[in-house]
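In the working numbering, the protein residues as written are 272 to 447. Don't be surprised by glycine CBs; every beta carbon is placed ideally from N, CA and C.
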């Protein structure tokens with residue numbers, strides 16, 4: 272049954288045209304990564320070894336406790352974080368935020384004062400003749416109060432009395 276030229280149905284080919292594969296991903300060089308501020312693991316390890324050597328030179332005469340070592344490690348991490356933030360946002364990042372907040376609050380206060388002055392000017396004009404001043408009684412109305420009468424009165428609807436009807440009984444037929 273196997274014919275040489277017949278297509279084999281077990282092999283499933285893709286439907287549609289065969290498109291070219293996308294270009295391979297280009298891996299950035301060490302120099303490009305360094306320009307983005309990314310350090311390779313080998314560079315990190317070398318920096319850590321240099322720091323350890325520096326600490327060992329400093330610690331040759333002095334023995335440190337675990338708390339002091341942890342404190343130094345935390346200080347180093349804080350310094351690295353501050354350096355990365357400075358590298359990312361620049362020198363004036365932390366100072367600008369406080370100054371910007373102060374400027375924003377001052378501008379907001381000025382706008383509020385200007386708005387209050389414009390509203391005062393708009394609504395403080397003379398009342399037209401015949402206009403009455405506002406009172407709390409103006410707000411003390413309700414359409415429900417007009418419709419609801421709390422006094423005693425006859426009911427609006429009462430069900431009528433229906434005469435009781437006796438149920439109709441079916442005559443029982445004698446069974447043969």
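Report the rounded CA-to-CA distance for residue i versus residue j, giving the unit in angstroms.
i	j	result
residue 357	residue 345	18 angstroms
residue 314	residue 286	49 angstroms
residue 409	residue 417	15 angstroms
residue 294	residue 321	40 angstroms
residue 369	residue 296	43 angstroms
residue 319	residue 373	41 angstroms
residue 395	residue 407	20 angstroms
residue 304	residue 350	22 angstroms
residue 387	residue 376	16 angstroms
residue 327	residue 316	16 angstroms
residue 292	residue 309	30 angstroms
residue 427	residue 421	14 angstroms
residue 425	residue 412	26 angstroms
residue 360	residue 338	32 angstroms
residue 389	residue 405	21 angstroms
residue 437	residue 443	17 angstroms
residue 383	residue 371	18 angstroms
Looking only at its own chain, which residues have a Cβ that is under 8 angstroms from the Cβ of residue i, when we skip the five neighbours before and after it?
i	result
residue 341	none
Can you list, in chain order, the stretches of the beta strand (DSSP E) that have 3 or more residues and sit fully within the stretch 304-367? Entirely contained in the stretch 304-367, not one beta strand (DSSP E) run reaches 3 residues.
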